[in-house]
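Read top to bottom, the protein sequences are chains A and B.
Start counting at 1 in the first sequence, then tack on 16, and there's your number in my numbering.
Start counting at 1 in the second sequence, then tack on 10, and there's your number in my numbering.
Positions of the beta carbon are idealized from the N, C-alpha and C atoms, including for glycine.
Shown next, in structure tokens, is the structure this report addresses.
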Amino acid sequence: MDKKIEEYIEELLKEAEKAGFLEAEAIYGADTTMSVSAREGKIIEFENNDSSSISFRGLYNGQMGYASTEDIKPDMIPFLIKQAKDNCDVLEVKEQITVYEGEKEYPVFNGFIEELTSIDYDFLANTTLSLEKALLAYDPRIEAVDDCFAVYGSAEIMIRNSKGMLCESRSNGFDVYIGCRAKEGDDVQTYGKGWSFSKFSELDIDKCAQTVGKRVIAKLGARPIPSVKTPIVMDKMAAKSLLGSFAGSFSAEAIQKGISRLVGKLGETIADPKITLIDEGMIEGSMLCIPFDSEGVSAKRTVIIDKGVFASELHNRKTALVDGVESTGNATGGSKGPLGVAPTNMYIEKGEYTQDQLFEKMGNGIYITAIHGLHAGINAISGDFSLMSEGFLVENGKVTRPVNQITIADNFFDVLMKVEALADDVDYCTPESTHIQCPSLLIPDVSVAGE
Amino acid sequence: MLSNTSIERILTAALSHGGDFSEVFIERTKATSVSLLNGIVEGTGSNLDMGIGIRILEGDRSVYVYSNDIYNEEKLIRMAQNASASLSEAPAGKTIYLKPQIEYFSQRYEICPSEVSKSAKVNKLRKAGETAMAYSSLITQTSASTSDVEKDVWIANSDGLFVTDHRCRTRVMIQAIASSEEDKQYGYFGPGSGEGYEFFERLDTDELAGKAAKIAATMISAKPCPSGKMPVVIGNGFGGVIFHEACGHALEATAVGIKSSYFTGMKGKQIASPIVTAYDDAKIAKEWGSYEVDDEGTPSQTTLLIKDGILNSYLVDKIGSRRMGEPSTGCARRQNYGCAPTSRMSNTFIAAGESKPEDIIADTEYGIYAANMGGGSVDTSTGEFNFAVNEAYMIRNGKICEAVKGATLIGKGNEVLMNIDRVGTDLKLAQGVCGSVSGNIAVDVGQPTIRVSEITVGGQA
Chain A
17 MDKKIEEYIE ELLKEAEKAG FLEAEAIYGA DTTMSVSARE GKIIEFENND
67 SSSISFRGLY NGQMGYASTE DIKPDMIPFL IKQAKDNCDV LEVKEQITVY
117 EGEKEYPVFN GFIEELTSID YDFLANTTLS LEKALLAYDP RIEAVDDCFA
167 VYGSAEIMIR NSKGMLCESR SNGFDVYIGC RAKEGDDVQT YGKGWSFSKF
217 SELDIDKCAQ TVGKRVIAKL GARPIPSVKT PIVMDKMAAK SLLGSFAGSF
267 SAEAIQKGIS RLVGKLGETI ADPKITLIDE GMIEGSMLCI PFDSEGVSAK
317 RTVIIDKGVF ASELHNRKTA LVDGVESTGN ATGGSKGPLG VAPTNMYIEK
367 GEYTQDQLFE KMGNGIYITA IHGLHAGINA ISGDFSLMSE GFLVENGKVT
417 RPVNQITIAD NFFDVLMKVE ALADDVDYCT PESTHIQCPS LLIPDVSVAG
467 E
Chain B
11 MLSNTSIERI LTAALSHGGD FSEVFIERTK ATSVSLLNGI VEGTGSNLDM
61 GIGIRILEGD RSVYVYSNDI YNEEKLIRMA QNASASLSEA PAGKTIYLKP
111 QIEYFSQRYE ICPSEVSKSA KVNKLRKAGE TAMAYSSLIT QTSASTSDVE
161 KDVWIANSDG LFVTDHRCRT RVMIQAIASS EEDKQYGYFG PGSGEGYEFF
211 ERLDTDELAG KAAKIAATMI SAKPCPSGKM PVVIGNGFGG VIFHEACGHA
261 LEATAVGIKS SYFTGMKGKQ IASPIVTAYD DAKIAKEWGS YEVDDEGTPS
311 QTTLLIKDGI LNSYLVDKIG SRRMGEPSTG CARRQNYGCA PTSRMSNTFI
361 AAGESKPEDI IADTEYGIYA ANMGGGSVDT STGEFNFAVN EAYMIRNGKI
411 CEAVKGATLI GKGNEVLMNI DRVGTDLKLA QGVCGSVSGN IAVDVGQPTI
461 RVSEITVGGQ A
């Protein structure tokens, strides 16, 4: 960590004490990104950035006040302190949490991969140009690669407080994304996909291009089906989006505020016994690890749904205090406002079937590959959703033709109860992995609106 | 702040190795907020964001670098030089001198929002929450918040242009939640303005709270919406989100300039029903989505997008202008210095037509009345869009009947525009936040009551 920043934070905490704050905490965050986009055989965009900020929170008059600045210079210390103090004057939060004294030991996670630091402009440029070329060569019906970018990024975070806690972590990563447009007659289809690599050897340009090319071509000729109630196989990519959209329901913060369908449901059966839902900050072999949360609590493994039974909510230290339990290490935010609760790595444990076996079990129905408009088409509390979707018709256990311009509507909590089978396709250690994972699901009786 | 000479040095350094145009964008933003949940102040925020973005263009290629280390001139010059080096080996060899600074006030506040005590804001929000809670025993939660932003920007470029702009926006959000055993439904209003605290002070928050509570209480007893293709009457105001998604985004140079939009090459051609005329108007005084100068320093304008169904203009920024050979329409916008600017909307709406809203309903035998819309999204290549309906009713025999919940409307932009068969007289604007390539920005959507003859409605029934 930069000496100057350390000194700045020491000064800020000292001034906070002088100003009457009983406790104080500062979070320093910094990141850099380098990103390159290619189109039509040339580099059309290049970005290279760095940014940093300091957030302050402090306990004054029994309230925790917050303020942040991106202008890190000594005369901003009085600004931070005054703003946070003013905020304490109006806040009325009943249960107040103190800053955390920290833990003796934190899990070891080296999220900073030395190999990736050699990534430069030329490497990113070559990667994107090769990706575009490979995708255009995949099929003549691929008319254009509208989005093709490669990004190298690194980030560091430090939390320091008046109780002596010091947490630091550093990470970096290399991501690529390609999205293209295919045309046949008047029919236009698009598809895009991203990957995060932790080693150069994982990047396979041709494989990435083939994955995207194959899917966009398969979508050509898509058309709706008549409105129907039908079983669906929801692909893991769509299923994880759905799970992510309702992940907030398991937060103790939402439950305590009465804005979750799961109020009063702890210990009850809320899902089929095939469902086990886990939140796990550190997953062996995965680059998606979060060694400590926004309060400095180390990563935990929390079984949220244990074979269908709602076993634990996700907590930060404040919600844990209210419920008389331990924090599950799920504090989030706290840099531009109050701390909240969010999952770290959340996943539904995999089932026993291959995706093809799910198609066979379903017989006739729809294979849903993507759902859209999740920011609008869901009721995050009740669980209701009605979402524009796309996918393929499945007849006699075999994928037959592409389908689009349909919606699927159901209720997330009903889906948890009625899910018929889970695929075995969850994996946290591949370049496709993201913080939320869910296997492909076979769900009976879903309302589909189409023609 | 950087001195003029420093800015000139950075602009010059940005063309030292390659590039034909350089631009500097500096921003200092003060944001404050306060939020209440069930009448208790749960959150307050005071944030200061500051940074600089340097952009270089060469033809239609661009390089963008940013930092919030704005006092470090040496570092910024180095960043500009490195950025320039990624373009060609042909230096412009130009020294940049700035012209006199032009000062704009996109918004002028009467009462500076960050200087108003938070307790004044709290009192009014608390009363609104109480009003919503008192509306009905079905209301179980309320939330109320206000947020404001004061932003000063400096934009300079290698043509010598140097402008500064003062911006200020205030927004209020009121939400009521109604509960039953198994369900929760929201009612929500989020008005905003290009003004200071005076907007919040003037706003009838109790009336809004009552209306939000009424929607929540109505929707909690609603039945699931039927599915299938049917006529849909879309209410005025936020109903304009359909036009924003189905048409607005596809008219942006971001999509048209690379020929990926389904409206590429359609200028002068019919893209909508002849009763549709639409604008993107950044010049409406004090409106939430308005501004005097865009983020490339181009003065804003009123752009006629569609006249009587014929495509009249796209939304064009500087890069779009180079790609499309059309002048900029002053629509380059960005969330902050962390994003390069691109073509975006301001206040985008379908102009008032000739039908009385009550006649539109009376003329509809069967369908859905979408009184209040939620958000949505669009794929500008295929035209496929989706959006949620927050408050919907069945229409039978020309009358508004029972409320239905969980409706989503989907379709293709080009098809739905042609299928608009009634445009009402009751034009109204509504405020929202649009997220796209250059981040989240304040926009207005708007329209009178309209009817689409056929659209796919997705519901659970």
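Nearest to Gly449 of chain B by C-alpha distance, out of B:Asp30, B:Arg343, B:Gly416 and B:Thr358, is B:Arg343. Not flagged as an interface residue toward chain B: His331 of chain A, since no C-beta distance is shorter than 8 Å. Contacts with chain A at 8 Å (Cβ-Cβ) include Ile50 of chain B.
Taking the Cα of Val51 of chain B as reference, the smallest distance to any Cα among A:Asn103, A:Asp47, A:Glu184 and A:Phe62 is reached at A:Asn103. In the DSSP assignment, Val326 of chain B falls outside any beta strand (DSSP E), carrying neither H nor E.
Inside the segment 254 to 288 of chain B, DSSP marks whole alpha helix (DSSP H) runs of 4 or more residues at positions 263 to 266, from first to last along the chain.
In the three-state scheme derived from DSSP, where H, G and I count as helix and E and B as strand, Leu259 of chain A is classed as helix. Among the residues of the segment 402 to 420 of chain A, those with a Cβ less than 8 Å away from any Cβ of chain B are Ser402, Leu403, Met404 and Asn420, in the order of the chain. Its Cα nearest to that of Ser243 of chain A, the residue A:Ile424 stands out among A:Asp91, A:Ile424 and A:Asp138. A straight-line Cα-Cα distance of about 19 Å links Lys409 of chain B and Lys239 of chain B.
Just so you know, the alpha carbons of Asp203 of chain A and Gly283 of chain A end up roughly 51 Å apart. Below the 8 Å Cβ cutoff, chain A contributes no neighbours of Thr156 of chain B, its closest Cβ being approximately 12 Å away. In this structure, Phe31 of chain B lies away from Glu302 of chain B, with their beta-carbon atoms at least 8 Å apart. Put simply, the backbone Cα of Ile459 of chain A is about 7 Å away from that of Lys434 of chain A.
Contact of Ser237 of chain B with chain A is assigned, a C-beta pair being separated by under 8 Å. Contact between Leu86 of chain B and Ile62 of chain B is confirmed by a C-beta separation of about 7 Å, below the 8 Å threshold. Where Asp288 of chain A is concerned, there is no enclosing beta strand (DSSP E), because DSSP gives it neither an H nor an E. Of the other Cβ atoms in all chains shown, fewer than 16 fall within 10 Å of the Cβ of Val124 of chain A; this residue is therefore exposed. Collapsing the DSSP output to three states places Pro367 of chain B in a helix. Against chain A, the beta carbon of Ala23 of chain B has no neighbour under 7 Å; the closest one sits roughly 14 Å away. Beta-bridge partners assigned by DSSP to Gln311 of chain B: none are found.
DSSP places Ser129 of chain B inside the alpha helix (DSSP H), whose first and last residues are Lys128 to Tyr145.
Residue nearest to Ala154 of chain B within the set B:Pro123, B:Phe199 and B:Arg118 is B:Phe199 (criterion: CA-CA distance). Taking the CA atoms as reference points, Ile268 of chain B sits about 11 Å from Ile60 of chain A. Using a Cβ-Cβ cut-off of 8 Å, Glu467 of chain A counts as an interface residue toward chain B, since at least one Cβ of chain B sits closer than that to its own.
Put simply, of A:Glu184, A:Asp222, A:Ala238 and A:Phe213 the residue whose alpha carbon is nearest the alpha carbon of Thr206 of chain A is A:Ala238. From the listed residues B:Asp305, B:Gly139 and B:Arg354, the smallest Cα separation to Glu217 of chain B is found for B:Gly139.
With its beta carbon less than 8 Å from one in chain B, Phe62 of chain A belongs to the interface.
At a C-beta separation below 7 Å, His391 of chain A has these neighbours in chain B: Gly385.
Under DSSP, Phe35 of chain B forms a beta bridge with B:Gly63 and B:Ile165.
Scanning its chain for C-beta atoms nearer than 7 Å, with the 5 sequence neighbours on each side dropped, one finds around Gly169 of chain A the residues Asp47, Thr48, Thr49, Asn188 and Gly189, in chain order. For Met404 of chain A, the enclosing beta strand (DSSP E) starts and ends at Asp400 to Glu411. Distance check between Asp441 of chain A and each of A:Thr360, A:Ile221 and A:Ala255 places A:Ala255 closest, using alpha-carbon atoms only.
Listed by position along chain B, the residues whose Cβ is nearer than 9 Å to that of Asp47 of chain A form an empty set, because the closest Cβ is around 10 Å away. In its chain, beyond the 5 residues on either side, Glu41 and Val115 have a beta carbon closer than 6 Å to the beta carbon of Asn177 of chain A.
Less than 8 Å separates the beta-carbon of Asn346 of chain A from that of Val357 of chain A.
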